[in-house]
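Trainee:
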Amino acid sequence: MRKPRVSIKQVAKHAGVSIATVSHVLNNKGNISDATRKQVRDAAQDLGFIPNRNASRLRSGQSLLIGLVVNDISNPFFSELAADVEAVAADAGYLSVMANSRDSLERQKTVIETMIGQGVAGFIISAASGSDETTFEVLKEHGVPFVLCVRDIATYAADFVGFDNFQAGVLVGRHLLERGYRDICFIGGDQRNINRTDRLNGLLHALGQQESGICIHLDMPGPATQKGGFEATLSSLKRAPRTDALVCFNDYVAIGAYEALYKLGKRTGVDVAVIGFDNVPESAAWNPPLTTVELFPRTIGRRAVIALLARITDNGSAFERVQLPPSLVVRGST
């Protein structure tokens with residue numbers, strides 16, 4: 003049976019002082035003698051009293067809700083990010099509420115406006131594809147603090163926490179060159195997605211630094227899903243049968259590529275290399291284990307909450323942009 007919560011009234015009675023005196027001691031306010039402070043604290047300790055920080059915030063009118071808006075709630079990358087958002091927010095006395103934009107600008111707008119109506123204290127947002135400088139003006143108009151994460155809007159004045167997608171593409175390109183791959187196709191992802199653009203540009207930069215003979219056969223945008231990866235792989239190898247490496251927008255696209263290669267009678271990691279981005283937990287268990295780029299979603303989640311809490315405290319401070327360095331995880335698929 004759950005033990006009843008000790009009230010401030012009980013502490014006051016046990017200490018032989020007024021409720022107001024207990025409140026002043028707990029909040030370090032008022033002209034209270036050291037002896038009385040000790041008397042109150044001893045009483046609180048004797049009774050097992052735990053201060054309710056949330057109650058004091060509610061009395062002051064401060065919201066305890068943080069809105070987290072992500073592109074694809076089914077993607078393990080965002081599940082990991084959300085786990086640390088929730089944990090850090092809870093430690094600070096906040097409750098995080100997650101919503102799925104489904105990578106739709108219209109849906110993102112609806113979600114944000116609904117959460118504003120519910121009085122959230124601030125937002126952490128992974129912007130839907132096609133978001134630009136005008137997308138989040140509604141938040142500034144309402145004075146609601148927010149932090150962008152994962153997907154950057156480079157020219158927009160806002161806090162951002164994410165990773166260096168260009169460098170991630172460079173890492174992939176260098177790895178493929180070192181392994182001797184020469185006929186490469188980039189598949190999956192919305193063309194409006196800045197992360198996709200930066201990854202592709204990083205890949206091209208790495209390949210362009212080498213001698214001639216390197217070929218990007220095809221750039222095949224498409225849904226960043228398992229089905230999208232399956233269909234893009236079939237199309238790519240039909241149009242460019244010499245392809246010996248598939249660079250996939252994310253790990254979901256990569257598992258679709260695995261399935262397509264199996265259907266075509268090709269061996270992943272032997273006939274055609276496959277490499278992804280995100281390092282979702284299950285990618286290490288695939289056959290063969292997937293070579294991918296670790297993008298540290300939990301670190302992004304933690305840093306984003308810390309940035310938002312700072313923004314809630316001081317909404318007039320200078321904006322901060324954080325880009326974490328990626329790390330290549332080499333496994334059997336390359």
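Numbering (this note's numbering), first residue to last: 3 to 336.
Quick reminder that beta carbons are idealized off the backbone N, C-alpha and C, glycines included.
In or out: H177 buried (at least 16 other Cβ within 10 Å) or exposed?
Mentor: H177 comes out buried.
Trainee: Under a Cβ-count criterion, where at least 16 other Cβ atoms within 10 Å of its own Cβ denotes burial, should R4 be classed as buried or exposed?
Mentor: Because the pLDDT at R4 is just 46, under 50, the model does not fix this residue reliably, and the value given afterwards should be weighed accordingly. Per the 10 Å Cβ criterion, exposed.
Trainee: Please report the straight-line C-alpha distance between E296 and G145, rounded to a whole angstrom.
Mentor: Roughly 35 Å separates the two Cα atoms.
Trainee: Quick test of your reading: N317 and P147, contact by CB under 8 Å. State the CB separation rounded to the nearest angstrom.
Mentor: Confirmed, Cβ separation roughly 5 Å.
Trainee: Locate the alpha helix (DSSP H) running through T270, then write down its first and last residues.
Mentor: That residue, T270, is in no alpha helix (DSSP H); it is neither H nor E in DSSP.
Trainee: With H, G and I counted as helix, E and B as strand and the rest as coil, what does DSSP make of Q325?
Mentor: Strand.
Trainee: Should A129 and R153 be called a contact, given that it needs their Cβ atoms to be closer than 8 Å?
Mentor: Yes; because the gap between Cβ atoms is below 8 Å, this pair is in contact.
Trainee: Please state if the CB of S335 and the CB of G271 are separated by a distance shorter than 8 Å.
Mentor: Taking 8 Å as the Cβ cut-off, G271 and S335 qualify as a contacting pair.
Trainee: Based on Cα-Cα distance, which residue from A309, G69, L326 lies nearest to S319?
Mentor: Selected option, being the one with the closest Cα: A309.
Trainee: Whole-angstrom Cβ separation of V172 and I114, contact assumed at under 8 Å?
Mentor: Rounded, the Cβ-Cβ distance is 34 Å, inconsistent with contact.
Trainee: When you compare the stretch 186-198 with the stretch 218-228, are there three or more beta-carbon pairs, one atom per stretch, that lie closer than 8 Å?
Mentor: Judged by Cβ distances under 8 Å, the stretch 186-198 makes contact with the stretch 218-228, as three or more pairs qualify.
Trainee: Name the residue from G182, V19, D48, F51 whose alpha carbon lies nearest to the alpha carbon of A2.
Mentor: Given a span of 3 to 336 for the chain in the structure shown, any question on residue 2 remains unanswerable.
Trainee: Leaving out five residues on either side along the sequence, give the residues of the same chain with a beta carbon under 7 Å from the beta carbon of E135.
Mentor: So the qualifying residues of the chain are I155, T157, Y158.
Trainee: Helix, strand or coil for E296? Go by DSSP, reduced to three states.
Mentor: E296 falls in the strand class under three-state DSSP.
Trainee: Can you give me the Cβ contacts of L49 inside the same chain, cut-off strictly under 7 Å, excluding the 5 residues immediately before and after it?
Mentor: Taken in chain order, the residues that qualify are V8, Q12, V13, H16.
Trainee: R333: which of P299, A287, L28 sits nearest, CA to CA?
Mentor: It is A287 whose Cα lies nearest to the Cα of R333.
Trainee: Give the straight-line distance between the Cα atoms of E139 and V282, rounded to the nearest whole angstrom.
Mentor: Taking the straight line joining both Cα atoms gives about 33 Å.
Trainee: By the three-class DSSP mapping on this structure, what secondary structure does N33 have?
Mentor: Note: N33 maps to coil in three-state DSSP.
Trainee: L97 lies in the beta strand (DSSP E); which residues open and close that run?
Mentor: Unbroken beta strand (DSSP E) run through L97: 97-102.
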